[in-house]
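The working numbering runs 66 ahead of the 1-based position in the sequence shown. Every residue gets a Cβ at the ideal spot worked out from N, C-alpha and C, and that includes glycine. Input: a single structure, listed below in C-alpha cells.
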Amino acid sequence: MYMKKIKTAFVVFGLVFAFFAFYSCSQDDDGDESMSISDRITRFVSDLNDNPTRVYRNCHPDASLYNQAKAAVYWTNNFNPPIGLNSLSYSNTTVTAVVSGGNYATQTITFAMQEDGSNNWKIRTITVASFLFN
Numbered sequence: 067m068y069m070k071k072i073k074t075a076f077v078v079f080g081l082v083f084a085f086f087a088f089y090s091c092s093q094d095d096d097g098d099e100s101m102s103i104s105d106r107i108t109r110f111v112s113d114l115n116d117n118p119t120r121v122y123r124n125c126h127p128d129a130s131l132y133n134q135a136k137a138a139v140y141w142t143n144n145f146n147p148p149i150g151l152n153s154l155s156y157s158n159t160t161v162t163a164v165v166s167g168g169n170y171a172t173q174t175i176t177f178a179m180q181e182d183g184s185n186n187w188k189i190r191t192i193t194v195a196s197f198l199f200n
C-alpha cells in the first residue's frame with residue numbers, strides 16, 4: 067500500500083513538472099512578453115539571422131503585411147541574412163540604423179514601433195531602400 071502511494075506521488079510530480087516545463091518554454095517563444103524597443107530590435111535581428119520563421123513575431127499584428135511576414139522566405143529574400151545594425155539611434159518610437167551585410171549593406175533602415183500591450187513594443191513599419199514593411 068505504501069509503495070502504491072509513492073508511485074502515485076511520483077506520477078503526479080512528473081505530470082506537474084512536465085506541464086510547467088512545457089508552458090514555461092512556450093511562453094518565452096510566443097513573442098507576447100513585455101519587451102522594450104531596443105530589446106525588440108535586437109530580437110528582430112537575432113531571429114532574422116538565426117531563425118527567420120520567428121521574425122514575424124517581432125512585428126505588430128496591425129501591420130498590413132503581417133500575414134505575409136509569417137513566411138520565412140519573405141524575410142530571407144528581402145534581407146539576405148546575416149545582417150547587423152550599426153549606429154542605432156532611438157527617438158521616441160522610431161529607431162534608425164545602418165545595415166551591415168545582406169541586401170541592404172550600408173543603407174539606412176528605419177523602424178517605427180507600436181505597443182502591443184503594456185510595454186510590449188513591436189515593429190509596425192520597416193523602411194530600407196525599396197523595401198517597405200507596414
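What is the rounded straight-line gap between the Cα of residue i and the Cα of residue j?
i      : j      : result
ASN200 : SER130 : 6 Å
SER90  : SER100 : Low confidence applies to SER90: its pLDDT is 39, below 50, so where it sits in the model is not reliable, and the reading given next is rough at best. When rounded, the distance between both Cα atoms is 15 Å.
ALA138 : THR174 : 22 Å
SER112 : SER184 : 23 Å
SER166 : TYR156 : 18 Å
THR119 : THR108 : 16 Å
ASP105 : THR159 : 13 Å
ALA178 : VAL161 : 7 Å
LEU154 : VAL164 : 7 Å
GLY150 : TYR132 : 23 Å
Which residues bound the alpha helix (DSSP H) around residue i?
i      : result
ALA138 : 138-145
For the beta strand (DSSP E) that residue i lies in, which residues bound it at each end?
i      : result
ARG190 : 187-194
Within a Cβ cutoff of 7 Å, which residues of the same chain sit near residue i, ignoring the five residues on either side of it in sequence?
i      : result
PHE110 : VAL121, ASN124, ILE189
So, at 6 Å on beta carbons, what are the nonlocal neighbours of residue i in its own chain, with the 5 sequence-adjacent residues on each side left out?
i      : result
ALA135 : TYR122, CYS125
TYR140 : GLN134
ILE103 : MET179, TRP187
PHE197 : ASN144
Please confirm if the segment 117-137 is in contact with the segment 186-200, defined as three or more CB-CB distances below 8 Å between the two stretches. As far as the Cβ criterion goes, the segment 117-137 touches the segment 186-200, which means the pair count is three or higher.
Examine the Cβ distances between the segment 167-179 and the segment 140-153 and report whether three or more of them are shorter than 8 Å. Touching, yes.
In chain order, which continuous runs of the beta strand (DSSP E) of length 3 or greater are located wholly inside the segment 114-175? Look at the segment 114-175 and you find these whole runs of beta strand (DSSP E), each 3 residues long or longer: 150-157, 160-166.
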